[in-house]
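S.K.:
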Amino acid sequence: MEELWNFISLSAAALAAGVVNAVAGGGTLITFPTLANVLGTAAEAGKIANVTSTVALFPGSIASAYGYRREMAGIREWRALLLGPSILGGAAGSLLLILLPELFFKTVVPWLILLATLLFLLQPTLSRVMGIGLPHARPHGWTLCGVLVFQFLVATYGGYFGAGIGILMLSSLSLLGIPDIHQMNALKTILASVINGISVIIFILSGKIDWGWAWPMILAAAIGGWLGAAYGRRLPRSLIRWFVIFTGFIVSIYFFLK
Numbered sequence: 008m009e010e011l012w013n014f015i016s017l018s019a020a021a022l023a024a025g026v027v028n029a030v031a032g033g034g035t036l037i038t039f040p041t042l043a044n045v046l047g048t049a050a051e052a053g054k055i056a057n058v059t060s061t062v063a064l065f066p067g068s069i070a071s072a073y074g075y076r077r078e079m080a081g082i083r084e085w086r087a088l089l090l091g092p093s094i095l096g097g098a099a100g101s102l103l104l105i106l107l108p109e110l111f112f113k114t115v116v117p118w119l120i121l122l123a124t125l126l127f128l129l130q131p132t133l134s135r136v137m138g139i140g141l142p143h144a145r146p147h148g149w150t151l152c153g154v155l156v157f158q159f160l161v162a163t164y165g166g167y168f169g170a171g172i173g174i175l176m177l178s179s180l181s182l183l184g185i186p187d188i189h190q191m192n193a194l195k196t197i198l199a200s201v202i203n204g205i206s207v208i209i210f211i212l213s214g215k216i217d218w219g220w221a222w223p224m225i226l227a228a229a230i231g232g233w234l235g236a237a238y239g240r241r242l243p244r245s246l247i248r249w250f251v252i253f254t255g256f257i258v259s260i261y262f263f264l265k
């Protein structure tokens, strides 16, 4: 009975995460704590939950990136420029997750969840301050170097944990002079897919994925992504966003107390 309940809860979490990622982002805040709860006191439960969650949600990010293929036409130069730091950062973060002790991950997890939740909460303010979606002059010199370094740091965080990287990337991508918010979202999505893809490769090689739970979650997340794209956008975006924020705060409090 416990196995059946775990299957249902993880599939439901992945389904919800797929819908949420298609509409607002933040699906990791649903799948990671659900997996961590199912794995309980197993050795390296936190790492395995994080790794398995990343793998389960990866196909959905690929589908999202494909959905933005038309918007990529005008920003190929920025994609080529930011590809390097995204790959290097994603690899660095994933290796840190694998190599650092489980105790370190358990210590920082509540703070990482809280950070991701605060990013979602402050997203409208950050958008106004950074002028996201508004035209900017093309960056040169130190500004461009700063964007590249920041992308590497965001990718490192993405490889290690990942929740909230889309908001972080939009903050820096707003400085590139891209006037169309849809093009910025396209660039953010393809870079996030690259970061997650590198992580998935490293995680598979590490042997830390719980494939028994990963496969049903992959299927459920894919269905959720399709439902989110087809029907989820009819829901008020603010409703989905506040659901993610509420979930994030509850989960962070739970891990702080734990």
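Here our numbering = 1-based position in the sequence shown + 7. Glycine included, each C-beta is placed from N, C-alpha and C at the ideal position.
(1) Beta-carbon within less than 6 Å of S18's beta-carbon, same chain only, minus the 5 sequence neighbours each way: which residues are those?
(2) Please confirm whether P92 and L155 have their CB atoms less than 7 Å apart.
(3) If you drop the 5 nearest sequence neighbours on each side, which residues of the same chain put their C-beta closer than 7 Å to that of I216?
(4) Examine chain B for any beta-carbon lying closer than 7 Å to the beta-carbon of I105, and answer yes or no.
(5) Classify L212: buried if its beta carbon has 16 or more other beta carbons within 10 angstroms, exposed otherwise.
(6) In angstroms, rounded to a whole number, what distance separates the CA positions of W12 and V45?
(7) With a cut-off of 8 Å, do at least 3 Cβ pairs link the stretch 157-169 to the stretch 103-112?
(8) In the DSSP assignment, the alpha helix (DSSP H) including G53 goes from what residue to what residue?
(9) Cβ atoms of F159 and G96: under 7 Å apart, would you say?
(10) Can you give the Cα-Cα distance for P5 and A80, rounded to whole angstroms?
(11) So what does DSSP say about I120, is it helix, strand or coil?
(12) To the nearest angstrom, how far is the alpha carbon of E10 from that of L22?
M.R.: In terms of the structure at hand:
(1) As a working note, residue 18 is residue 11 in the sequence shown. Cβ neighbours of S18 beyond the five flanking positions: P223 and A227.
(2) On the sequence shown, residue 92 is found 85 positions in, with the first residue counted as 1. On the sequence shown, residue 155 is found 148 positions in, with the first residue counted as 1. With respect to the 7 Å criterion, P92 and L155 are classified as neighbours on the basis of their beta carbons.
(3) Walking along the sequence shown from the start, residue 216 turns up at place 209. Non-local beta-carbon contacts of I216 in its own chain, meaning distances under 7 Å to residues more than five positions away in sequence, involve V58, T59, V62 and F210 in chain order.
(4) Included in the structure is just one protein chain, with no chain B present.
(5) For the purposes of this step, residue 212 is taken as the residue at position 205 of the sequence shown. Exposed.
(6) On the sequence shown, residue 12 is found 5 positions in, with the first residue counted as 1. On the sequence shown, residue 45 is found 38 positions in, with the first residue counted as 1. Separation of W12 and V45 (C-alpha to C-alpha, rounded to the nearest whole angstrom) is 10 Å.
(7) When C-beta atoms of the stretch 157-169 are compared with those of the stretch 103-112, three or more pairs fall below 8 Å, so the two segments count as touching.
(8) Indexing the sequence shown from 1 puts residue 53 at position 46. Secondary structure note for G53: its alpha helix (DSSP H) is the uninterrupted segment A52 to G74.
(9) Locating residue 96 in the sequence shown gives position 89, where the first residue counts as 1. Locating residue 159 in the sequence shown gives position 152, where the first residue counts as 1. Yes, these two residues count as a Cβ contact at 7 Å.
(10) Nothing can be reported for residue 5, as the shown portion of the chain is limited to 8 through 265.
(11) Here residue 120 corresponds to residue number 113 of the sequence shown, with the count starting at 1. In the three-state DSSP reduction, I120 falls in the helix class (H, G or I).
(12) Taking the first residue of the sequence shown as 1, we reach residue 10 at position 3. Taking the first residue of the sequence shown as 1, we reach residue 22 at position 15. If you draw a straight line from the Cα of E10 to the Cα of L22, it is about 18 Å long.
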